[in-house]
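Written out below as structure tokens is the structure these notes cover.
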Amino acid sequence: MLDQIPEILKAKGFLTDEHLQSIRDQSAKEVDKRIDRIILDSGLVSEENYLRALAEEMGFAFTDLSERQPDEEAIRLTPSKFVFKNKVFPLALEENGTLVVATSEPFEILSLDELETLTGHAVEPIFAPEKEIIKQIKNYFGVGGETIGDLVGVDSNESGEGGETNDEEAMAESASVIRLVNEILAEAVRERASDIHIEPGEEGLTIRNRVDGVLQIQALPPEIFRFQSAIASRIKIMSKLNIAEKRKPQDGRIKMKVDGRDIDLRVSIIPMLHGEGIVLRVLDKGKMVYDLRKIGMDQEIYDEFAKLIALPHGILLVTGPTGSGKSTTLYSALNEIKGEDTKIITVEDPVEYQMAGISQIQVNHKVGLDFSAGLRAILRHDPDVVLVGEIRDFETGQIAIQAAMTGHLVFSTLHTNDAPSTFSRLVDMGIEPYLVSSTVMGIMAQRLVRRICENCKTEVAVHPMDLPPDFPQPDIGFLWKGQGCERCRNTGYSGRFGIYELLKPSQAIQPLILNRAASSIIKAQAIADGMLTLRNYGWRRVLEGKTTAEELSRVTKEDEVIEDVKPNPSIAVVAE
């Protein structure tokens with residue numbers, strides 16, 4: 043049957059005579075390689091077409107696993123170690139006792155015979171792509187299930203009582219634990235997670251990955267709770283931390299490769315009631331693009347922001363909560379203005395991404411190098427542009443103000459909910475209002491919103507009751523949403539982009555700052571001057587079909603009035 047595969051695929055229209063000759067030539071060179079592997083590796087035929095053709099020829103079924111719900115009894119019956127080793131996925135236990143399993147290997151008969159022996163049931167294979175089988179295995183058997191099976195055997199043999207081994211360091215250095223932790227971290231990176239939360243609880247260990255700003259539970263084998271100390275110790279070893287210290291918080295950093303990409307992980311470990319809680323921030327260098335035009339700014343905001351970052355002196359602040367993309371905006375701005383004639387120095391905590399042509403300083407609190415000390419030292423290095431990771435206190439703010447007044451352009455971040463409240467925040471730190479009004483040239487507040495998945499994007503009729511109270515009924519009578527598909531893990535969203543609120547202090551706002559006016563008054567004046575609030579900016583993106591009203595409500599607070607923007611149909615129907 044194997045030798046007939048090329049002719050079968052040719053008869054189905056997937057191969058030509060030229061393809062057949064190429065395959066025969068390759069087969070003559072790789073005599074130990076199966077002909078079907080040669081065909082698939084060549085890329086001439088997709089795995090799905092290959093399996094469909096073979097299923098039809100052999101009288102078996104082909105299935106789309108994303109559309110099938112597996113039986114719990116079939117999953118319970120099939121040993122997880124066998125599933126991971128042979129890449130088969132149990133789908134159903136028929137009334138006649140036949141176990142139906144999905145496989146991407148039509149000719150691995152021995153493994154199916156082995157499964158019949160293990161379960162005591164007749165096995166009926168149906169065909170599905172390997173990638174989809176692996177995804178379902180992870181969903182239902184958990185990441186690292188095969189490794190956990192190995193660990194359970196080792197642990198039971200060594201401890202005698204099925205508990206954790208006494209030598210945690212030795213356990214953490216064992217091949218199985220190393221493999222398990224690597225699998226957990228790599229899977230999170232592949233899922234585009236920005237943060238990995240490893241959380242011990244009374245009833246076991248939970249791992250949640252933050253994908254597109256929302257936490258999602260990672261499927262895990264239930265036995266993993268027995269190895270939570272070994273997992274924590276392994277992460278400490280990778281981070282070069284003290285594995286014996288379990289009473290105090292520790293911070294570290296891990297460098298690793300996933301699918302050929304360099305990944306940095308910032309590690310934070312805190313002792314909690316039921317063990318050590320671990321959060322890892324994922325910094326994927328290979329996927330970062332620092333370009334202001336590609337982070338969600340429309341042309342109007344980009345033009346105004348570009349003028350600000352080209353100023354010879356002053357302070358430009360980017361505000362928002364943790365994880366709102368502030369660092370990306372600032373790095374993109376620096377990338378746009380850097381050049382041979384511009385000296386740029388940054389002081390960061392930590393340095394997240396290294397950028398060519400920019401001098402970067404890492405904060406080190408142990409030796410007294412904080413933001414204020416670093417900024418003070420930077421000013422003696424004759425910079426043109428300075429970036430301070432965050433203005434946290436009066437001293438840092440005061441030095442930043444002085445730097446702006448002495449001919450430097452200063453970039454920094456601040457944790458405020460919107461742009462207008464930034465002035466009050468600086469004054470509350472103790473900085474004189476007249477200094478704030480004369481040096482702050484612009485404030486950009488921003489958030490990240492999830493983008494509608496283009497694969498399952500659809501038009502949805504909208505009624506007034508379906509929208510939040512401050513959203514007007516769109517004239518077109520419908521909006522867009524993602525129905526949920528395998529590609530977006532049934533969330534309806536894939537990826538994120540920025541929404542922005544840019545405030546440039548006008549002549550009308552200057553006296554309000556000097557008089558310590560409330561942020562609500564400054565906001566009202568800024569809107570009167572033409573400032574677009576986060577909510578209004580986001581509403582435009584909703585009408586363009588880029589995100590949803592529900593998502594916008596999740597990340598922004600309700601404004602007094604949201605503008606009734608007329609959508610641009612030519613924009614709305616174009617996929618990103």
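Under our numbering, the letters of the sequence shown match residues 43 to 618, in that order.
Backbone N, C-alpha and C define an ideal beta-carbon position, used for all residues, glycine too.
Note that the structure is a prediction, hence the values are computed from the model and not measured.
key: Length at least 3, wholly inside the stretch 355-433: the beta strand (DSSP E) runs in chain order   = 356-361, 386-390, 401-404, 427-430
inquiry  = My assumption, with CB atoms under 8 Å, is that Thr448 sits in contact with Leu456. Please give the rounded CB distance.
reply    = So it is not a contact: roughly 21 Å between Cβ atoms.
query = Going by other Cβ atoms of all chains shown within 10 Å of its Cβ, with 16 needed for buried, is Pro511 buried or exposed?
reply = exposed
message = Check for me: the alpha helix (DSSP H) holding Ala487 runs from which residue to which?
response = Unbroken run through Ala487 is the beta strand (DSSP E), 482-494; no alpha helix (DSSP H).
query = Alpha carbon to alpha carbon, what distance is there between Thr388 and Met555?
reply = Before going on, a small fix: residue 555 reads as Ile here, not Met. Those two C-alpha atoms are separated by around 28 Å.
request  = Quick one: residues in its chain with C-beta nearer than 8 Å to the C-beta of Cys498, no 5 flanking neighbours on either side, listed in chain order?
outcome  = Gly524, Gln525, Gly526, Cys527, Arg529, Cys530, Gly534
ask   = Taking the alpha-carbon positions, what's the Ile151 to Pro132 distance?
value = 16 Å
query = Looking at Phe413 and Val430, is the spacing between their C-beta atoms short of 9 Å?
reply = yes
message = Quick check: what's the CA-CA separation for Asp340 versus Val87?
response = 42 Å
request  = Pull up the DSSP beta-bridge partners for Asp106, would you.
outcome  = Its beta-bridge partners do not exist; DSSP assigns none.
query = Three or more C-beta pairs closer than 8 Å, one from the stretch 553-569 and one from the stretch 352-361: is that the case here?
reply = no
Beta-carbon spacing of Leu325, Leu227 below 9 Å = no
ask   = In three-state terms, what does DSSP make of Ala348?
value = helix
Range of the contiguous alpha helix (DSSP H) that encloses Asp508 = Careful: Asp508 lies outside any alpha helix (DSSP H) and carries neither H nor E.
key: Candidates Asp78, Leu544, Tyr332, Met280: closest to Thr370 by CA position   = Tyr332
request  = Indicate the three-state DSSP secondary structure (helix, strand or coil) for Ala144 in the structure shown.
outcome  = strand
query = Gly587 and Leu451: beta carbons closer than 9 Å?
reply = no
Straight-line Cα distance separating Gln63 from Phe124 = 38 Å
request  = Excluding the 5 residues preceding and the 5 following Ala461 in the sequence, name in chain order all residues of the same chain whose CB lies nearer than 6 Å to its CB.
outcome  = Ile485, Ala487, Glu543, Leu545
message = Based on DSSP bridge pairs, tell me the residues matched to Pro242.
response = Leu247
key: Cβ separation of Glu174 and Leu257, assumed to be a contact under 8 Å, to the nearest whole Å   = Wrong, their Cβ atoms sit about 25 Å apart, outside the cutoff.
request  = Flag Asp78 as yes when its Cβ comes closer than 8 Å to any non-hydrogen atom of the ligand HEM, and as no otherwise.
outcome  = No copy of the ligand HEM occurs in the structure displayed, which carries no ligand at all.
task = Mind listing, in chain order, the continuous beta strand (DSSP E) runs of no fewer than 3 residues lying wholly within the stretch 509-543?
result = 520-524
key: At least three beta-carbon pairs within less than 8 Å, the stretch 101-118 to the stretch 135-151   = yes
ask   = Cα-Cα, which of His505, Arg492, Gln515 is closest to Gly540?
value = Arg492
inquiry  = So, for Val185: in the same chain, excluding its five sequence neighbours on each side, which residues have a beta-carbon less than 7 Å away from its beta-carbon?
reply    = Glu225, Ile226, Glu229, Gln260, Ala261, Leu262
message = If you follow the beta strand (DSSP E) that Ala134 is in, where does it begin and where does it stop?
response = 131-135
message = Judging by CA-CA distance, which residue of Glu115, Lys127, Phe126, Leu490 is the nearest neighbour of Leu135?
response = Glu115
inquiry  = On the CB-based measure, 16 or more other CB atoms within 10 Å of its CB, does Asn251 come out buried or exposed?
reply    = buried
task = Verify whether the separation of the beta carbon atoms of Lys288 and Glu318 is less than 9 Å.
result = yes
task = Give every residue of the same chain whose Cβ lies closer than 7 Å to the Cβ of Leu353, excluding the five residues on either side of it in the sequence, and list them in chain order.
result = Leu451, Met483
query = Does DSSP put Gly439 in a helix, a strand or coil?
reply = helix
query = Where does Pro121 fall in DSSP's three states?
reply = coil
message = Comparing C-alpha positions only, which one of Leu247, Ile277, Thr481 sits nearest to Ile296?
response = Ile277
key: Span of the beta strand (DSSP E), counted from its first residue to its last, around Leu157   = No beta strand (DSSP E) holds Leu157; the alpha helix (DSSP H) holding it covers 151-161.
request  = List the endpoints of the continuous beta strand (DSSP E) containing Met298.
outcome  = 292-300
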